[in-house]
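S.K.: Residue numbers (the working numbering): 463 to 664. Here a beta-carbon is modelled for each residue, glycine too, at the ideal position from N, C-alpha and C.
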Ligand SMILES: [Fe+2]
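1) Using the beta-carbon count (16 or more within 10 Å), is residue 404 buried or exposed?
2) Residue 579 and residue 523: beta carbons closer than 8 Å?
3) Residue 550: which of 541, 480, 473, 488 sits nearest, CA to CA?
4) What does the Cβ neighbour count give for residue 531, buried or exposed, with the cut at 16 atoms within 10 Å?
5) Have a look at residue 503 and residue 586 and give me their C-alpha separation to the nearest angstrom.
6) Can you say whether residue 567 is buried or exposed, counting buried as having 16 or more other CB atoms within 10 angstroms of its CB?
7) Below 8 Å CB to CB, which residues in the same chain sit around residue 560 once its five sequence neighbours on both sides are set aside?
8) Nearest to residue 505 by alpha carbon, out of 464, 554, 472?
9) What residues in its chain sit with their C-beta under 8 Å from that of residue 604, if we drop five residues either side in the sequence?
10) Whole angstroms is fine: what's the gap from residue 490's alpha carbon to residue 474's?
11) Pick helix, strand or coil for residue 464, following the three-state DSSP scheme.
12) Which residues in the same chain have their Cβ closer than 7 Å to the Cβ of residue 465, if we skip the five residues on either side of it in sequence?
13) Our contact map puts residue 565 next to residue 583 with C-beta atoms below 8 Å; I'd like the distance itself, whole angstroms only.
14) Tell me the rounded alpha-carbon separation between residue 554 and residue 572.
In structure tokens:
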């Protein structure tokens, strides 16, 4: 699974739930909101644990990733305030509208800016591997892993470590090729950086 597609699918699902929230009335609004909260909590968790760290260090995506973390904080604050509401009164609905607008803004920035820049930082193997890790973390969090799921995950994780070392090797190659200089100092700095990100992946 491609990481971008996985995250976009989450975004569409939340957008649909916000549409349902608008048309729902009374107690039903709170039920739909509960679904929105579950989806957004999970989505923010996998992005913060897996997707953002993969992009945080690259200069192309550094600033926008930090901004995304901040936007998540605001969304979480609104989610927790709304979840304390007992009735969907006018104030609650106004807050829910602000939540929707914040999420829409965040999604737009992510899909139109972050994903575009991320394509320059990640190769297609990285994108696939990240997608797999996002999916696994989602399943783990949802507690949907059956014994069959565990076996699947074990084989996936075996593949993952193979592909990680493969991509780490490639990254090292890319680094040594792009550095092109004989300065061993800068080379070793870059190498240790790629080692660090490799270690993070595991
Ligand atoms: Fe997102």
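M.R.: Well, looking at it:
1) Examination of residue 404 is not possible in this model, given that the chain is present from 463 through 664 alone.
2) What you label residue 579 is simply residue 117 of the chain shown in a count that begins at 1. What you label residue 523 is simply residue 61 of the chain shown in a count that begins at 1. Judged by their CB atoms, residue 579 and residue 523 are nearer to each other than the 8 Å cut-off.
3) Here residue 550 is taken as the residue at index 88 of the chain shown, counted from 1. The residue with the shortest Cα to Cα distance from residue 550 is 488.
4) The count along the chain shown starts at 1 and reaches residue 531 at position 69. By the 10 Å Cβ count, residue 531 comes out exposed.
5) Against the chain shown, residue 503 aligns to sequence position 41. Against the chain shown, residue 586 aligns to sequence position 124. In a straight line, the C-alpha of residue 503 is about 27 Å away from that of residue 586.
6) Here residue 567 refers to the residue found at position 105 of the chain shown. Classification for residue 567: exposed.
7) Mapped onto the chain shown, residue 560 falls at position 98. Answer for residue 560: 540, listed in chain order.
8) Residue mapping note: residue 505 aligns to position 43 of the chain shown, counting from 1. Cα-wise, what sits closest to residue 505 is 472.
9) Within the chain shown, the letter at position 142 stands for residue 604. For residue 604, same chain residues with a beta-carbon under 8 Å away, outside a window of 5 residues either side, are 504 in chain order.
10) Residue 490 sits at position 28 when you count from the first residue of the chain shown. Residue 474 sits at position 12 when you count from the first residue of the chain shown. Cα-Cα distance, rounded: 21 Å.
11) Looking up residue 464 in the chain shown gives position 2. It is coil, neither helix nor strand.
12) The residue you call residue 465 lines up with position 3 of the chain shown. Result list for residue 465: 513, 589, 592, 593, 596, in chain order.
13) Here residue 565 refers to the residue found at position 103 of the chain shown. Here residue 583 refers to the residue found at position 121 of the chain shown. Going by Cβ atoms, the distance from residue 565 to residue 583 rounds to 24 Å, so no, they are not a contact pair.
14) Numbered from 1 along the chain shown, position 92 holds the residue referred to as residue 554. Numbered from 1 along the chain shown, position 110 holds the residue referred to as residue 572. C-alpha of residue 554 to C-alpha of residue 572: approximately 27 Å in a straight line.
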